[in-house]
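There are 2 protein chains.
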Amino acid sequence: MANDTLLTLADIQAARARIAAYVKRTPVLTSDVLDAAADARLFFKCENLQHIGAFKARGAANAVFSLSDAEAKKGVATHSSGNHGSAVARAAALRGVPAYIVMPEGVAKPKAEQVERLGGRITYCEPTLAAREAATAKIVARTGAAMVHPYDNRKVMAGQGTAALELLEDTPPLDLVLCPIGGGGLISGAATAVKALSPATRFIGVEPAGADDAARSFEAHRLIPLTHADTMADGLRASLSPDTFAHIAARVDAIATVSEPGIAAAMRALWEGLKIVVEPSAAVPYAAIREGKVEVRGLKVGIVLTGGNVDLDKLPW
Amino acid sequence: MANDTLLTLADIQAARARIAAYVKRTPVLTSDVLDAAADARLFFKCENLQHIGAFKARGAANAVFSLSDAEAKKGVATHSSGNHGSAVARAAALRGVPAYIVMPEGVAKPKAEQVERLGGRITYCEPTLAAREAATAKIVARTGAAMVHPYDNRKVMAGQGTAALELLEDTPPLDLVLCPIGGGGLISGAATAVKALSPATRFIGVEPAGADDAARSFEAHRLIPLTHADTMADGLRASLSPDTFAHIAARVDAIATVSEPGIAAAMRALWEGLKIVVEPSAAVPYAAIREGKVEVRGLKVGIVLTGGNVDLDKLPW
């Protein structure tokens, strides 16, 4: 896919204006203790403090508020392991239209409860991508709802990228930005914003070794779908789409992978160092620093902490 | 004690200028979920996100940087169950002078580790106020260090009050401010700031029923020292001093008390609702809302979340 068909900075700036009233400008937090441990200056963009506890509020709001009134009134539909479902339910409620959310059986309880609290109508399905897509297609066929894919959607990708716009505004010039990779929506938008506004900043994506489709695809220069995910980072079990892979190939400098114990240790270190609750998926970039998979010594590093929806009865330590 | 001998707004503004370079301007966080549960608008001043994970960084910095060079070079000493000890160690390190910290045996491990990491020299003693004071007096006699009492110190009280200055600046006009009461340093400074800048705002202190010296003293119009503390809120086991009681009597509108299960439930609700880590002491004001001890319906309420130093292996749920 040619570069000139990818997302542009203008898309992300338009998203920002569209969703400004519906999302929080989350703080960027720092910790002397974590800086000393890494011998770097780390700037954490705290999207766990976003509405619904995750950056997903951004992309969903951009997608839902991009619909025409005629489209919107039939409602919106999506499938999600959790945070995106909440985000779509919330955006639909703000717009006053129905939200149909397909979730895999066994999804973390707080995530399902949040969707319900926001008025989303949940349909449970088998925990496979095929089952999710089939269930969602059925709902779309019946209701005429607009599909808001969790990541394979340009409005969603652009919305997620607004987090990176804010990160750059609230930090000194960054040498490096790290963000996790699930389906690739966040990294596509964020890397677009960073490379447009600060071309000298390196951008590295990080994913669990147990869901390393981005790393393998990046190395092979072609999309290698994820067939099996084995990671506690439940937000990162999705497989890249051709479109998100095209953005990663064009705009990301490298991909690192991290171990499961590394994710748990990083998660705990963030809780203790920053005094915030982050979910395993959000801890993945910091795990790369702790495991030495990314060299940060002496650098100013921006890190997107993607979400904080975790079951407090099931902590990995 | 006459009102004109109490702390003034000018003391707190002076503290703010003195410590500006050494403390964080912490964010004020909100949550739609917590607002809906309380039918109020709640503004949480997140001092758990402060340096050393607690508002105590403010008061200690003000006290240590108020010393003359001649005084400071002999070092500073204090006794503390944790956060104040870290705060004094940090302020002393910033000023380049020694810090002697007396801590009770059995103090939460992360708190002692933090003091050590900051270069504080710890002396352990029996977990009684008398033992703490004796051990500290001995160190002061030997070294000539300046005593920085955790709360019975006007510079400490004024420094803690700077958190309330920022809270008022970052919120719409508040109907009510809530903060926890331990030894009374924070509430003395905070109520001074709030009553000077926003006289119509009610100010309510909250403490555990198992350490209710402030409630009993407030009702009796005389200081009734705490002889026995029974609460998980380890930061609130201290007994008011005559000076902090004088500030409370003059500037606080009411005192509420909360139960131990209420503190644990409030703590968990804050973790889940705000995605931040707060320690039991910090959850005490929110517990008063949840337990119906303070009426907040329809109000704009500022709440100081005092700290986030908690042992993740010993959570109360």
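Top to bottom, those sequences are chains H and E.
Going by the working numbering, the first residue of the first sequence is number 1, and it counts up by one from there.
Going by the working numbering, the first residue of the second sequence is number 1001, and it counts up by one from there.
In this text, a Cβ means the ideal position worked out from N, Cα and C, and glycines have one as well.
DSSP, reduced to helix, strand and coil, places Phe55(H) outside both helices and strands of the structure shown, so it counts as coil. In this structure, the straight-line span from the alpha carbon of Leu274(H) to that of Ala1269(E) is close to 18 Å. Shown in chain order are the members of the region 1266-1287 of chain E whose Cβ falls below 8 Å from a Cβ of chain H: Arg1268, Trp1271, Glu1272, Leu1274, Lys1275, Ile1276, Val1277 and Val1278. Distance from Val28(H) to Asp170(H) at the Cβ level is roughly 5 Å; contact confirmed, criterion being Cβ atoms closer than 8 Å. Listed in chain order, the alpha helix (DSSP H) elements of length 4 or more contained wholly in the region 1238-1295 of chain E are 1242-1251, 1260-1274 and 1280-1290. DSSP, read as helix, strand or coil, puts Glu1047(E) in helix. If one requires a minimum length of 4 residues, the alpha helix (DSSP H) runs lying completely within the region 72-121 of chain H are 83-95 and 109-117, in chain order. At a C-beta separation below 9 Å, Asp170(H) has no neighbours in chain E, since its nearest C-beta there lies roughly 11 Å away.
Within chain E, no residue has its beta carbon less than 8 Å from that of Gly184(H); the closest one is some 24 Å off. Taking CB atoms only, Pro27(H) has a neighbour in chain E less than 8 Å away. Residue state for Val33(H) is assigned as helix, using DSSP reduced to three classes. For Asn1048(E), the neighbours in chain H by C-beta distance under 9 Å run, in chain order, Lys275 and Ile276. Judged by DSSP secondary structure, Leu168(H) falls within the alpha helix (DSSP H) whose first and last residues are Arg154 to Glu169.
Annotated as distal: Ala1092(E) and Val1115(E), with beta-carbon spacing of 8 Å or more. At a cut-off of 8 Å between C-beta atoms, His1247(E) does not count as an interface residue with respect to chain H.
Between the region 127-135 of chain H and the region 250-269 of chain H, the count of Cβ pairs shorter than 8 Å is below three; the stretches do not touch. Identification of residues in the region 28-47 of chain H having a C-beta nearer than 7 Å to some C-beta of chain E yields Leu29 and Asp32, given in sequence order.
Among the residues of chain H, those whose CB is under 8 Å from the CB of His1051(E) are Asp32, following chain order. Between Val97(H) and Ala135(H), the C-beta gap is not smaller than 8 Å, which leaves the two residues out of contact. The DSSP-derived three-state label of Val1301(E) is strand. Glu207(H): member of the beta strand (DSSP E) spanning Arg202 to Pro208, first to last residue. Contact between Leu1176(E) and Ile1204(E) holds, with the beta-carbon distance rounding to 7 Å and staying under 8 Å. In summary, Gly1292(E) is exposed, with fewer than 16 beta-carbon neighbours lying within 10 Å of its beta-carbon over all protein chains present.
For the 8 Å CB-CB criterion, Pro285(H) and Cys179(H) form a contact. Annotation: Cβ neighbours of Gly308(H) in chain E (cutoff 8 Å, chain order): Lys1275.
Nearest to Gly308(H) by C-alpha distance, out of Thr26(H), Ile52(H), Gln13(H) and Ala36(H), is Ile52(H). Taking a C-beta distance under 8 Å as the contact criterion, Leu186(H) and Thr306(H) qualify as a contact pair.
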